[in-house]
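Have a look at the structure below before the remarks.
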Amino acid sequence: MSDNYVKVQLEQMKSLGEAGEKEGVDNEEQVPVSPPSADPPSITISSSDVSNTSITSRQRGKSRSKLVKDDKNSTGKSISDLSLHGSVVSAPAGKNLNRPGLERTLHIKGTGKTLQGKSENNGNYVTIQPSKNIQEARREEALKLTRKRRPVTVDTAKAKTSLEALKISIKQLKWKEFPLGRRAPCDIYWHGVSFHDNEHIVSGQVNKFPGMIEMLRKINLSRAMRTMQELFPDEYDFYPRSWILPEEYQQFSTQIRMVKEKDPTLNPTFIVKPDGGSQGDGIYLIRDPSELRVMAGSQAKQSVVQEYIHRPLLIDKLKFDIRLYVLIKSLEPLEIYIAKEGLTRFCTEPYQEPSQKNLTHVFMHLTNYSLNVHSGNFVHSDSQNTGSKRTLSSVLYRLAAKGVDIKRVWSDIIALVIKTSIAVVPELKVYYQAEIPPGKPGPTCFQILGFDILLMKNLKPVLLEVNSNPSMRIEHEQEMSPGVFEYVPSPVDEEVKVGVIRDTLRLMDPGLKKPAVSQTRPGGTERGEEIPMEAETPARSPDDGALPSLCLKQVYPKYTKQFNCLRLVERTAALFIRFLGVKGNMRLGPTAFRTFIRTCKLSNSNFTMASVDILYIDITRRWSGAAPDSREAGMGLQAFVEAFFHLAGRRFKSLPLKEQVFSLLELCEAQLDSQSTIEDRRSVSCSRALSRGVKTQTPGLTANSQLGSPAPLRRAASQDYRLHQKLRPRTLRANVEN
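Positions in the sequence shown are counted from 1; adding 1245 to them yields this note's numbering.
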């Protein structure tokens, strides 16, 4: 018997009439259960013998049938109450509804359902079957709920190249689009480039994080990954060794010379990527530092030089990479989703090991679509399995047919995505609090990122780069006649990108009930085993019945235990943000840095406050030289992390770096927790005293428990500007003045 049915028992009471006839027939009806609704349905029972007999819902919260006896003085027959889906149902007495052959119909008002049945000849049981398909009835209910809901509004005025895929997604969801924007707030704002595409948003949700473009520039990404490689070298070996130019040119040259002197047969290849480049612009290969190109003025271009991956996995003798779409749903708590389907972009020339002769063959070595599309060998195909751009699943199926462990490959890719996201989140949090400080009205943010991943011949994934604005075009430019180009739909792009945008919107639906997310504190020491393939299905909105299942798979906090121990830099960033003092600030002043040292009790006889000032000046000057275009004075997050690592090394010399940082974090957080407890007690004491005798209160008297020690922070904020004038380098001062 199906679980979708509830048993409704009808017991015929003994007749108390003058005839003295005894009829005791027990009937058991099975009624399909409909989904719970806000208002219990009204049910009407009709039969050939009983007319206008109504059963009305009287009670809620009961799942079993309840027997209600008639008054002893009653002279007519009675029927016990029915309990249907939490509602107790009653009917007037006077008729025996249990006679064999009696047909019945149950009309459930408000649901559109009609249940029909017929009692069996033995008079014992009646089975009532639905006259409509249950699934169709549920779908009708969902559609009714959808019609009652206010449609979600989406501002697409700034969508740019993703507009076509976005329009299709909104249409599939039956939401309301505002292509020219509107004065009233929208639920979702879809920007094409940056969080700042629209400067006047104070509510809703924006599909860009402030600072994401800056954080994913090649230099900043390399610095963030290098920090994680220092802490967890084995965990972050998927990112190629990199050098930042021009500041690390001498280091790069020295290391390459030493490698060649040690083994003259080695002749490594490197790939140079401009810091602000995109779509393959400015990328080239070199085999010697002397081959680096220079700009006008004899100054090397801001760029990153990386080791070239020599043994890539080939399909049809062609090198390819994977474009995987990743949704960062929120930063606090951190939520990451990965698209189950992606794209594979193929080179258009058969691969050969790099040599001095073929270094300039970009169609052989570079997988960028924007480059290879101009090759005469590029194949536009309507099939997902052929052509120069294919779906990821088609490639994985082909590898599986050759015996490759696809589950293991996919698990490694998920790990790569989570680890990379953990590396960039600390800096993003600094940008976020500067743009939308706590307590300031502003939108919440989410963003789709494009991860470019290369599979090596041993199937190990390697991260090439992360794109903050991956192309979401669903058409490609094709030359119809000489000099005449036209945009033609691309079925492969539409299949992947529309699903990603549509399901991102579904997850960000403001009417969607968000399940509670519990997370342990970042930076724990728990480790887990291999990542399973499937994730739990998130809560579904009422209009999901007509849509395919989500193509986005949650991977964090789903796999918190495996990766929570990697979030040490994020905890360091929390200390940095805590001592910034001034809302919207992104740099730590010298007084605030001293306050951090003093509050966490990190100074002693061997490390005086004078040594603290020297450390601050040295690190700040070095980082100011590394970022000459910066017009802000003070210590940024990356400089603070370097200082924190230095302090950890001084305090815990015998431990490896990871354990040093972890131990210092525990020490600082314990000191701040105790400080917050003291401040809370003082605040309570002051509030009691004020309530007894003081009727006026000085503004700013109450301390914010989240800021630790507020008075020193206020003093730090007021003194920073004067101290900056003394401590900042002359070159930086000139930049500010200019």
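Ideal Cβ placement from N, Cα and C applies to all residues, glycine included.
Would you mind reading off the limits of the alpha helix (DSSP H) that contains residue i?
| i | result |
| --- | --- |
| Asn1617 | Tyr1614 to Asn1617 |
| Ile1667 | Ile1651 to Glu1680 |
| Glu1740 | Pro1736 to Leu1752 |
| Glu1887 | Leu1882 to Arg1896 |
| Lys1806 | Thr1805 to Phe1808 |
| Pro1835 | Pro1835 to Thr1844 |
| Phe1608 | Val1607 to His1610 |
Report the rounded CA-to-CA distance for residue i versus residue j, giving the unit in angstroms.
| i | j | result |
| --- | --- | --- |
| Val1906 | Asp1858 | 21 Å |
| Gly1756 | Phe1477 | 40 Å |
| Ser1292 | Leu1792 | Legend: pLDDT at Ser1292 = 41, less than 50; position of this residue unreliable, value from coordinates given subsequently. So the alpha carbons of these two residues sit roughly 40 Å apart. |
| Pro1727 | Gly1621 | 14 Å |
| Lys1358 | Lys1574 | Caution is warranted here: a pLDDT of 46 is assigned to Lys1358, below 50, making its placement in the model unreliable, and no coordinate value can be reported. |
| Val1711 | Arg1383 | 42 Å |
| Ala1780 | Pro1767 | Low local confidence applies: a pLDDT of 42 at Ala1780 is under 50, so the model's placement there is unreliable, and no value is given. |
| Gly1521 | Ser1439 | 15 Å |
| Thr1817 | Leu1637 | 37 Å |
| His1721 | Gly1525 | 17 Å |
| Ala1660 | Gln1551 | 22 Å |
| Glu1475 | Tyr1642 | 37 Å |
| Asp1627 | Phe1838 | 59 Å |
| Leu1408 | Trp1435 | 9 Å |
| Lys1419 | Arg1866 | 55 Å |
| Glu1506 | Gln1500 | 10 Å |
| Tyr1481 | Asp1738 | 31 Å |
| Trp1488 | Asp1508 | 21 Å |
| Lys1705 | Asp1561 | 19 Å |
| Asn1984 | Phe1691 | Outside the displayed range of the chain (1246 to 1983) lies residue 1984, so it cannot be described from this structure. |
| Val1729 | Glu1594 | 26 Å |
| Ala1679 | Leu1825 | 10 Å |
| Val1649 | Val1886 | 41 Å |
| Met1854 | Ala1404 | 52 Å |
| Glu1815 | Leu1569 | 24 Å |
| Ile1651 | Ile1658 | 11 Å |
| Gly1695 | Leu1709 | 11 Å |
| Pro1578 | Pro1671 | 13 Å |
Which residues share a DSSP beta bridge with residue i?
| i | result |
| --- | --- |
| Thr1636 | Leu1588 |
| Lys1903 | In the DSSP output, where bridge partners are listed per residue, Lys1903 has none listed. |
| Gln1723 | Glu1731 |
| Val1814 | DSSP output for Val1814 lists no bridge partner at all. |
| Arg1568 | Leu1588 and Asp1697 |
| Lys1412 | Bridge partners of Lys1412: none, in fact. |
| Leu1581 | Looking at the sequence provided, one finds Ile at residue 1581 rather than Leu. Ile1573 and Tyr1801. |
| Ile1560 | Leu1563 |
| Phe1852 | Asn1849 |
Is the Cβ-Cβ distance between residue i and residue j less than 7 Å?
| i | j | result |
| --- | --- | --- |
| Phe1591 | Phe1565 | yes |
| Asn1984 | Arg1532 | Here the chain has residues from 1246 to 1983 only, and residue 1984 is not among them. |
| Ser1498 | Lys1518 | no |
| Ile1746 | Leu1411 | yes |
| Ala1584 | Cys1796 | yes |
| Pro1688 | Gly1449 | yes |
| Val1707 | Phe1483 | yes |
| Leu1673 | Met1460 | yes |
| Tyr1553 | Thr1514 | yes |
| Leu1909 | Phe1821 | no |
| Thr1398 | Cys1431 | yes |
| Gln1629 | Ser1615 | no |
| Val1733 | Met1831 | no |
Just reading off the beta strand (DSSP E) that residue i is part of, what are its end residues?
| i | result |
| --- | --- |
| Asp1697 | Gln1692 to Leu1700 |
| Thr1401 | Thr1398 to Lys1403 |
| Val1624 | Segment: none, Val1624 is in no beta strand (DSSP E) and carries neither H nor E. |
| Arg1706 | Going by the sequence as given, residue 1706 is Pro instead of Arg. Segment Pro1706 to Asn1712, the beta strand (DSSP E) holding Pro1706. |
For the ligand SAH, any of its heavy atoms closer than 6 Å to the Cβ of residue i?
| i | result |
| --- | --- |
| Thr1749 | With respect to the ligand SAH, the structure offers nothing, as it holds no ligand at all. |
Would residue i pass as an interface residue toward chain C - the criterion being a Cβ-Cβ separation below 7 Å?
| i | result |
| --- | --- |
| Lys1685 | Looking for chain C here will not work: only one protein chain is present. |
Entirely within the segment 1476-1553 and at least 4 residues each: give me those alpha helix (DSSP H) ranges in chain order.
1494-1507
Restricting to runs no shorter than 3 residues, where is the beta strand (DSSP E) found entirely within the segment 1417-1475?
1421-1423 and 1433-1436
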